[in-house]
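> Residue numbers (our numbering), protein chains in the order written: chain A, 1 to 332; chain B, 333 to 664.
Quick reminder that beta carbons are idealized off the backbone N, C-alpha and C, glycines included.
Shown below is the structure under consideration.
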DNA sequence: TTGTAAGCGTTATCAA
DNA sequence: TTGATAACGCTTACAA
């Protein structure tokens, strides 16, 4: 096993003091070019890396970002978090940060995790997902001046803090416009019960796109149901059996869309269907779906965080709203 | 913001020395009951948590375990890692460890990540997934005496190091037996090209179960193809159009099974299909599939690691082979 | 431009 | 059984 390489090893090798090595790393401009080169050479020759624990003790910064890993939810959407996490890890790495995982079952236990992570590991920042749960977490973090970003807008008070989100309304609008462009006029919407910010937002896209086209969204084709394949199937079946059925359905999720698809096939209709999230299931069954730019969203989260962490403290909370894109497949 | 609580704060509050507080935490048996109680009271009253960075400097142990997060693979199987990660995080938490994420594109970059993580963060251990890539990583870690577990058997030299795996042969055997029990006799197998340990193992289950039932596995129904929905569909189509087609298909993955299902439906046959991994897709389309006990596998990984880390060094590498279970749905 | 000294919070060693 | 001292590797302040 290789000997432990510390700043002292490097200093000895480059025949300078430990402090000079530290300066080369943290404030290169203070060191003469020639010395700097000699030290750099020693650093690479020895494969030296600053020990984070020691650095952290001195600076109070851990270069660690925490993110919660959720149990795969009931539905299909587990893979969204998966892809987001990967993007987060990758972006953090290039910015010199590492990601730490934690679990929690609700706001209270999540705040407990914050407390623990902060006290034991001196975490620099948190990435929060799913802002539907309420605001206890953001309030707690804000109160303690802990930097954080949420992936997902806070639907109550959007200005308060940093967030990155994907424009859901734009996504469903794109889907709706696509259906309009291919000749559909009776376009229904299958969404979640009113009150969830994300769900309401996605519904707005359908409303907007129809009105743009001079069509008043028909209330009888505007349906709401919990997010589940069976739920989607039931509601779609109901819609398709009505007197004046839709020729196309815009859905708030791939789960609902998959249910709708099953209804369509069972009843043997030619009805177009679009989903949301572009999950592997959508790819698998050829479902046209709205795709979120997850790697970009993750990159923005890291950027927002490191701006606050590395730079002077930001004046105002920054917000990023990204555009999703429609992935065309067989169903629409 | 609350003042920072250190071991000194607790010592003052309990009117003992810092060392005594440390002893209460790390070697309680050295401290008199009465003193111990007083210190414990102070600890809870102040909400003290040992600073890991400082502790690590002294002990050389970080209580951190690293695991690689992969980009979601092409197919359907992304959610397997997702669920495994969650289990890992949860089990690690109760054992007093945290999980750190890293990314890598191949063995070389993964070893680079090891090096970095070890030098900068003093990682205690690694969890490796996907042992098909070869052995460069395990050799590197072994050489440096870094504890690790692999999720997935090393197919070349199973005795060398700690691993946890799921018995794939048992999974496909269960699926095959189920089909036999429901009257099927012409049961085909859709698997991956020979040479991948996991794939070969799963194929064995099909062979075994058929032979158990006194049926010699028919070579014409034993097919291999890369893991993809289209691939599965093409091969299944070919099988179904043959002179003496199978009445059921055991597949090595949900991707292949989904392809097979599409072939079955397109050709309008009544052919049973089983998949492997019980992905959300399987749940979504009603595919009978073999389910891996991911939380348990994760728990065993953590247990194996902490045994080495916390206890005396283990005598011999431990191995855990878990049994999967068949989740019955509509397709078989 | 470079070097010296101190201290971050913890635990191991050893003395009381 | 408890307490003082030193040390882990690093960076900030200050002196040369």
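Once the 5 residues before and after residue 434 of chain B are set aside, which same chain residues still bring their CB inside 7 angstroms of it?
Reading the second chain from its first residue, position 102 is the one you call residue 434 of chain B. Taken in chain order, the residues that qualify are 398, 400, 445 and 449.
> Counting only runs of 4+ residues fully inside the segment 51 to 105 of chain A, write out the alpha helix (DSSP H) ranges in chain order.
52 to 59 and 78 to 94
> Looking at chain A, which residues of the segment 616 to 634 of chain B have a Cβ within less than 8 angstroms of any of its Cβ atoms?
616 and 617
> Quick check: what's the CA-CA separation for residue 1 of chain A versus residue 447 of chain B?
On the first chain, position 1 is the one that residue 1 of chain A refers to. On the second chain, position 115 is the one that residue 447 of chain B refers to. Bear in mind that a pLDDT of 43 at residue 1 of chain A, under 50, signals an unreliable position, so the model cannot answer this.
> Look at the Cβ atom of residue 201 of chain A, then the Cβ atom of residue 168 of chain A, and state whether they are nearer than 8 angstroms.
In the first chain, the residue the question calls residue 201 of chain A occupies position 201. In the first chain, the residue the question calls residue 168 of chain A occupies position 168. Contact flag set, yes.
> Determine whether the Cβ of residue 612 of chain B lies closer than 8 angstroms to any Cβ atom of chain A.
Within the second chain, the letter at position 280 stands for residue 612 of chain B. True, the Cβ-Cβ gap to chain A drops below 8 angstroms.
> In chain order, what residues of the same chain have a beta carbon less than 6 angstroms from the beta carbon of residue 129 of chain A, not counting five sequence neighbours either side?
By 1-based counting over the first chain, the position of residue 129 of chain A is 129. Within the same chain, residue 129 of chain A has close Cβ partners 151.
> Starting from the Cα of residue 157 of chain A, find the closest Cα among A:319, A:110 and A:302 and give me that residue.
Looking up residue 157 of chain A in the first chain gives position 157. Of A:319, A:110 and A:302, the residue nearest in Cα terms is A:319.
> Runs of 4 residues minimum, wholly inside the segment 614 to 664 of chain B: which ones carry the alpha helix (DSSP H) assignment?
626 to 642
> For residue 263 of chain A versus residue 237 of chain A, is the C-beta spacing smaller than 8 angstroms?
The residue you call residue 263 of chain A lines up with position 263 of the first chain. The residue you call residue 237 of chain A lines up with position 237 of the first chain. Yes, they are a contact pair.
> Could you pull out every residue in the same chain whose Cβ sits closer than 7 angstroms to the Cβ of residue 421 of chain B, ignoring the five residues on either side in sequence?
Position 89 of the second chain, counted from the first residue, corresponds to residue 421 of chain B. Same-chain partners within the cutoff: 431.
> Could you tell me which whole beta strand (DSSP E) segments of length 3 or greater appear in the segment 141 to 206 of chain A?
Runs of the beta strand (DSSP E) inside the segment 141 to 206 of chain A: 148 to 151, 163 to 166 and 187 to 191.
> Roughly how far, in whole angstroms, is the beta-carbon of residue 61 of chain A from the beta-carbon of residue 124 of chain A, given that I think they are within contact range, below 8 angstroms?
Numbered from its first residue, the first chain carries residue 61 of chain A at position 61. Numbered from its first residue, the first chain carries residue 124 of chain A at position 124. Right, their Cβ atoms sit about 6 angstroms apart.
> Would a check of beta-carbon distances place residue 89 of chain A closer than 8 angstroms to chain B?
For the purposes of this step, residue 89 of chain A is identified with residue 89 of the first chain, where counting begins at 1. With 8 angstroms as the cut-off, residue 89 of chain A counts as an interface residue toward chain B.
> Could you check where the beta strand (DSSP E) with residue 223 of chain A kicks off and where it finishes?
Position 223 of the first chain, counted from the start, is the residue given in the question as residue 223 of chain A. Counting along the chain, the beta strand (DSSP E) containing residue 223 of chain A begins and ends at 222 to 224.
> Please tell me whether residue 586 of chain B and residue 619 of chain B are closer than 8 angstroms, where the distance is taken between their beta carbons.
Counted from its first residue, the second chain places residue 586 of chain B at position 254. Counted from its first residue, the second chain places residue 619 of chain B at position 287. At a Cβ-Cβ threshold of 8 angstroms, residue 586 of chain B and residue 619 of chain B count as neighbours.
> I want to verify the contact list: residues of chain B whose CB lies under 8 angstroms from the CB of residue 22 of chain A, in sequence order.
As a position in the first chain, residue 22 of chain A is number 22, starting the count at 1. Per Cβ cutoff of 8 angstroms: no residues; residue 22 of chain A is ~15 angstroms from chain B at best.
> Express the C-alpha separation of residue 251 of chain A and residue 277 of chain A in angstroms, rounding to a whole number.
By one-based count along the first chain, residue 277 of chain A stands at place 277. By one-based count along the first chain, residue 251 of chain A stands at place 251. Between residue 277 of chain A and residue 251 of chain A, the alpha-carbon positions lie close to 10 angstroms from each other.
> Run through chain A and tell me which residues come within less than 7 angstroms of residue 585 of chain B, C-beta to C-beta.
If you number the second chain from 1, residue 585 of chain B lands on position 253. Near residue 585 of chain B there are no residues of chain A at all, since even the closest Cβ is about 12 angstroms away, more than 7 angstroms.
> If we count the other Cβ atoms within 10 Å of its Cβ and call it buried at 16 or more, is residue 383 of chain B buried or exposed?
Taking the second chain and counting its residues from 1, one reaches residue 383 of chain B at position 51. Buried, since its Cβ has 16 or more Cβ neighbours within 10 Å.
> So, with DSSP's three-state summary, where would you put residue 6 of chain A?
Numbered from its first residue, the first chain carries residue 6 of chain A at position 6. Three-state DSSP puts residue 6 of chain A in coil, outside helix and strand.
> Count the other CB atoms, across all protein chains shown, that sit within 10 Å of the CB of residue 369 of chain B; report buried if there are 16 or more and exposed otherwise.
In the second chain, counting from the first residue as 1, residue 369 of chain B sits at position 37. It counts as exposed.
> Taking residue 159 of chain A as the reference, give the member of A:326, A:317, A:210 and A:32 with the closest Cα.
In the first chain, the residue the question calls residue 159 of chain A occupies position 159. If we check each option's Cα against that of residue 159 of chain A, A:317 comes out closest.
> Using the C-alpha atoms, what's the distance from residue 239 of chain A back to residue 493 of chain B?
In the second chain, the residue the question calls residue 493 of chain B occupies position 161. In the first chain, the residue the question calls residue 239 of chain A occupies position 239. Residue 493 of chain B and residue 239 of chain A: Cα-Cα distance of roughly 58 angstroms.
> Just mark residue 395 of chain B as buried or exposed, buried being the case when its beta carbon has 16 or more other beta carbons within 10 Å.
Mapped onto the second chain, residue 395 of chain B falls at position 63. Looking at its Cβ environment, which holds 16 or more other Cβ atoms inside 10 Å, residue 395 of chain B is buried.
> Just curious, the alpha helix (DSSP H) that residue 112 of chain A is in, first and last residue?
For the purposes of this step, residue 112 of chain A is taken as residue 112 along the first chain, with counting starting at 1. Counting along the chain, the alpha helix (DSSP H) containing residue 112 of chain A begins and ends at 107 to 121.
> So, residue 86 of chain A versus residue 612 of chain B, is the Cβ gap smaller than 8 angstroms?
Residue numbering aside, residue 86 of chain A sits at position 86 when the first chain is read from its first letter. Residue numbering aside, residue 612 of chain B sits at position 280 when the second chain is read from its first letter. Not in contact: residue 86 of chain A and residue 612 of chain B (Cβ atoms no closer than 8 angstroms).
> List, in chain order, every chain A residue whose beta-carbon is nearer than 9 angstroms to that of residue 417 of chain B.
Taking the second chain and counting its residues from 1, one reaches residue 417 of chain B at position 85. Result: 69, 82, 85 and 101.
> Inspect the beta-carbon positions of residue 541 of chain B and residue 581 of chain B and report whether they are closer than 8 angstroms.
By one-based count along the second chain, residue 541 of chain B stands at place 209. By one-based count along the second chain, residue 581 of chain B stands at place 249. Cβ distance not < 8 angstroms, so residue 541 of chain B and residue 581 of chain B don't count as in contact.
> If contacts are defined as beta-carbon pairs under 8 angstroms, then residue 538 of chain B and residue 514 of chain B qualify, I think. What distance do you get, rounded to the angstrom?
The count along the second chain starts at 1 and reaches residue 538 of chain B at position 206. The count along the second chain starts at 1 and reaches residue 514 of chain B at position 182. Not confirmed; about 16 angstroms, so no contact.
> Any beta-carbon of chain B closer than 8 angstroms to the one on residue 27 of chain A?
Taking the first residue of the first chain as position 1, residue 27 of chain A is located at position 27. Closer than 8 angstroms: no.
> In the DSSP assignment, find the unbroken beta strand (DSSP E) run with residue 564 of chain B in it and report its ends.
Position 232 of the second chain, counting from 1, holds the residue named residue 564 of chain B. No beta strand (DSSP E) holds residue 564 of chain B; the alpha helix (DSSP H) holding it covers 561 to 573.
> Could you check if residue 224 of chain A belongs to the surroundings of the ligand GTP, using beta carbon to heavy atom distance under 7 angstroms?
In the structure on display, the ligand GTP does not appear, and there are no ligands present to speak of.
> So which residues on chain B does residue 79 of chain A lean against when the C-beta distance must stay under 8 angstroms?
As a first step, residue 79 of chain A is located in the first chain; it is residue number 79 there, counting from the start. In chain order: 404, 410, 411, 414 and 612.
> Would you report the Cα separation of residue 285 of chain A and residue 330 of chain A, rounded to the nearest angstrom?
Within the first chain, numbered from 1, the residue matching residue 285 of chain A stands at position 285. Within the first chain, numbered from 1, the residue matching residue 330 of chain A stands at position 330. Answer to the nearest angstrom: the Cα atoms are 9 angstroms apart.
> Just grab the DSSP bridge partners of residue 461 of chain B for me.
Start at 1 with the first residue of the second chain, and residue 461 of chain B comes out as number 129. Answer is B:483, bridged to residue 461 of chain B.
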